[in-house]
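Trainee:
Protein chains: 2
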Amino acid sequence: MLLYQKIAKYIQDLIQAGSFGDGGKLPSERELVEVFSSSRITVRDALLRLESEGLIYRRQRKGWFVSPKRLKWNPVTKVNFYGLAREQGFEPKTQVLSIGPFNDDADSRLDWQEFAGQSLTKLVRTRFLDGRPVMLEEIHFATEMFPGIENKALDASITEIMASDYHIHVRSETSLVSVTALPDIFANSLETGNGAACLKIIRRRYDAKGVLIDLNVEYWLHGAIEMLVTSH
Amino acid sequence: MLLYQKIAKYIQDLIQAGSFGDGGKLPSERELVEVFSSSRITVRDALLRLESEGLIYRRQRKGWFVSPKRLKWNPVTKVNFYGLAREQGFEPKTQVLSIGPFNDDADSRLDWQEFAGQSLTKLVRTRFLDGRPVMLEEIHFATEMFPGIENKALDASITEIMASDYHIHVRSETSLVSVTALPDIFANSLETGNGAACLKIIRRRYDAKGVLIDLNVEYWLHGAIEMLVTSH
DNA sequence: CAGTGGTCTAGACCACGAT
DNA sequence: TCGTGGTCTAGACCACTGG
């Protein structure tokens, strides 16, 4: 067995024994170097492995922590974040980072055709579970479809604001889910190190007539979520 | 901009310019060290970052390669691997690694209750797209439900074998999807380095009466797949 | 201020792949 | 046999967090 595997196993066993507690802090990298008479590179290899497995995560320069249990999410049922989180015993929170005009030239990764010719607004938010930032989302919609929305309480459910204040109702949606690395620009907002693995969800939501309401990009820290899909 | 980010951007730009071709080989780590007067650690940091993004992948000691486009998969529609792959222009292949009795004590990560009291068989297979191993699956079922199945052509669709030879039809299924690291035991079968990120799918399939037919665990190389989910 | 992770260097030896 | 990635050492300086 390789050294970094031994270190990883050592930590994993301690986690499973509950030695650090749920969400607890691990020993520092330098302490682990002492324990195993090893080097930081090797210790980091072990930690990064456990991070890929979703077992631990890091907060910028604060240390490594045990991952709490994952939020279960069913992409087919249109549920709201607060309800879903509370149902599973989490304390949800939302923070608005910015709202303003959006120039689709800025983001060529996506197909903006369905919004062609309309001026767009982008809303960026972070979502928390039990005080831990776990997801960053960028919500794009046609500015003229939701006049004055920038003055609403945007930390609440967008779906509900759209429904109650604008009488626009989401009827269907498509989600494209892939695994990727969190773009470095967002690392600070999620208090994570650069390049953390994440689940990326590109979601398009439509009204009853098939008109695109909004196009959203979500980045979930991979250790914070799992998806449940059923079919009949 | 940090050095490893510069290196990553350099490679990324070359990939987007098509310099290596689809599925093409990248320069060796030591060559990149020369180009950037850097060290292997830093070069590897850059490469590992691009790997997490799904842009490149490695084959054991052979080198780093550009990831081909991802297979699009809809977890709600029950389609067969061969059909799905061919539809999207891939050449699919399946390889049987092993089949034999399975002792559920060996795998405590899962809940085997629905199979309680039955003796189980485990079938392990690797699936390929265009000659590249992209997925490893472990299929578990009650031995007595499919007598003699070990002598069938198990590189074909299991669903079809169950239907045509045993008159057992899958009616519904549930999938639990999470992001994790590929267990080291499977790294060789997928010809990947240790600890590669992957999409893990735990799937339970049921017949019309709600009886569990099989319980499968799939590991997809994360850069090889994306999920498409729609809801109405 | 001391302690943390984040980045980086300049080497080394090994196992395995291609030839 | 030689080139590849895989693992590992023993340092270093930096930016930021926390008390």
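Listed in order, the protein sequences are those of chains A and B. The UniProt record's numbering numbers the first residue of the first sequence as 1 and each following residue consecutively. The UniProt record's numbering numbers the first residue of the second sequence as 1 and each following residue consecutively. C-beta atoms are modelled at their ideal positions from N, C-alpha and C, and glycine is treated no differently. What you are looking at is a predicted structure, and each value in this text was computed from that prediction instead of being measured.
Who are the Cβ neighbours of asparagine 80(A) in its own chain at under 6 Å, not counting the five residues just before and after it?
Mentor: Residue mapping note: residue 80(A) aligns to position 80 of the first sequence, counting from 1. Ser157.
Trainee: Could you compute how far the alpha carbon of aspartate 214(B) sits from the alpha carbon of leucine 199(B)?
Mentor: In the second sequence, counting from the first residue as 1, residue 214(B) sits at position 214. In the second sequence, counting from the first residue as 1, residue 199(B) sits at position 199. If you take the alpha carbons of aspartate 214(B) and leucine 199(B), they lie about 20 Å apart.
Trainee: Does lysine 78(A) come within less than 8 Å of chain B when only Cβ atoms are used?
Mentor: Reading the first sequence from its first residue, position 78 is the one you call residue 78(A). Answer yes: the Cβ-Cβ gap between lysine 78(A) and chain B drops below 8 Å somewhere.
Trainee: Go ahead and pull the three-state DSSP assignment for isoleucine 168(B).
Mentor: What you label residue 168(B) is simply residue 168 of the second sequence in a count that begins at 1. In the structure shown, isoleucine 168(B) sits in coil (DSSP, three-state: anything other than H, G, I, E or B).
Trainee: Valine 177(A) touches chain B at which residues, Cβ-Cβ below 7 Å?
Mentor: Stepping through the first sequence from its first residue, residue 177(A) is reached at position 177. Ordered by position in chain B, the residues that pass the 7 Å Cβ test against valine 177(A) are Glu226, Met227, Val229.
Trainee: Just the C-alpha distance for asparagine 74(A) and serine 39(A), rounded to the nearest angstrom, thanks.
Mentor: Working through the first sequence from its first residue, we reach residue 74(A) at position 74. Working through the first sequence from its first residue, we reach residue 39(A) at position 39. Going from the Cα of asparagine 74(A) to the Cα of serine 39(A) covers about 42 Å.
Trainee: Which residues does DSSP pair with glutamine 95(B) in a beta bridge?
Mentor: Start at 1 with the first residue of the second sequence, and residue 95(B) comes out as number 95. For glutamine 95(B), which the question treats as bridged, DSSP gives the partners Thr126(B).
Trainee: Please look up how many angstroms separate the CB atoms of residue 233(B) and leucine 221(B), rounded, as I've assumed it's under 8 Å.
Mentor: Beyond the ends of chain B as shown, which are 1 and 232, falls residue 233(B); an answer cannot be given.
Trainee: Which whole-angstrom value describes the C-beta separation of threonine 126(A) and leucine 97(A), a residue pair presumed to lie in contact below a C-beta threshold of 8 Å?
Mentor: Here residue 126(A) is taken as the residue at index 126 of the first sequence, counted from 1. Here residue 97(A) is taken as the residue at index 97 of the first sequence, counted from 1. Yes, threonine 126(A) and leucine 97(A) are in contact; Cβ-Cβ is about 6 Å, under 8 Å.
Trainee: Which bits of chain A does arginine 70(B) rub up against, with CB to CB less than 9 Å?
Mentor: Within the second sequence, numbered from 1, the residue matching residue 70(B) stands at position 70. Within 9 Å Cβ-Cβ: Ser178.
Trainee: May I ask you to verify whether the segment 116 to 131 of chain A touches the segment 160 to 172 of chain A, counting CB pairs closer than 8 Å and requiring at least 3?
Mentor: Contact fails: fewer than three Cβ-Cβ distances are below 8 Å.
Trainee: Taking the C-alpha atoms as reference points, what is the distance between glycine 63(A) and serine 108(B)?
Mentor: Taking the first residue of the first sequence as position 1, residue 63(A) is located at position 63. Taking the first residue of the second sequence as position 1, residue 108(B) is located at position 108. Each residue's alpha carbon lies about 30 Å from the other.
Trainee: When you compare the CB positions of aspartate 130(B) and phenylalanine 65(B), do they come within less than 8 Å of one another, or not?
Mentor: Working through the second sequence from its first residue, we reach residue 130(B) at position 130. Working through the second sequence from its first residue, we reach residue 65(B) at position 65. No; because the gap between Cβ atoms is not below 8 Å, this pair is not in contact.
Trainee: Can you tell me which of Phe141(B), Gly54(B), Leu190(B) puts its alpha carbon nearest to the alpha carbon of glycine 117(B)?
Mentor: The residue you call residue 117(B) lines up with position 117 of the second sequence. That would be Phe141(B), whose Cα lies nearest to the Cα of glycine 117(B).
Trainee: Would you mind stating whether leucine 14(A) and leucine 228(B) have Cβ atoms separated by less than 8 Å?
Mentor: On the first sequence, position 14 is the one that residue 14(A) refers to. On the second sequence, position 228 is the one that residue 228(B) refers to. No. Outside cutoff.
Trainee: Name the residue from Leu120(B), Lys69(B), Val170(B) whose alpha carbon lies nearest to the alpha carbon of arginine 205(B).
Mentor: By 1-based counting over the second sequence, the position of residue 205(B) is 205. Cα-wise, what sits closest to arginine 205(B) is Val170(B).
Trainee: Counting only C-beta atoms, is isoleucine 15(B) closer than 8 Å to chain A at any point?
Mentor: Locating residue 15(B) in the second sequence gives position 15, counting from the first residue. It does not; no Cβ of chain A falls within 8 Å.
Trainee: Roughly how far, in whole angstroms, is the beta-carbon of leucine 50(B) from the beta-carbon of alanine 8(B), given that I think they are within contact range, below 8 Å?
Mentor: Along the second sequence, read from residue 1 onward, the residue named residue 50(B) stands at position 50. Along the second sequence, read from residue 1 onward, the residue named residue 8(B) stands at position 8. The Cβ separation is near 6 Å, so the contact holds.
Trainee: Answer with yes or no whether the minimum CB distance from alanine 181(A) to chain B is below 8 Å.
Mentor: Working through the first sequence from its first residue, we reach residue 181(A) at position 181. Alanine 181(A) counts as touching chain B.
Trainee: Out of Val43(B), Pro133(B), Thr121(B), Asp184(B), state which residue places its alpha-carbon closest to the alpha-carbon of proline 101(B).
Mentor: The residue given as residue 101(B) occupies position 101 in the second sequence. Among Val43(B), Pro133(B), Thr121(B), Asp184(B), the Cα nearest to that of proline 101(B) belongs to Thr121(B).
Trainee: Can you tell me the Cα-Cα spacing of lysine 93(A) and glutamate 138(A), whole angstroms?
Mentor: Here residue 93(A) refers to the residue found at position 93 when the first sequence is read from its first residue. Here residue 138(A) refers to the residue found at position 138 when the first sequence is read from its first residue. Between lysine 93(A) and glutamate 138(A), the C-alpha separation is close to 16 Å.
Trainee: For glycine 210(B) and threonine 230(A), what's the separation of their Cα atoms in angstroms?
Mentor: Residue numbering aside, residue 210(B) sits at position 210 when the second sequence is read from its first letter. Residue numbering aside, residue 230(A) sits at position 230 when the first sequence is read from its first letter. Between glycine 210(B) and threonine 230(A), the C-alpha separation is close to 13 Å.
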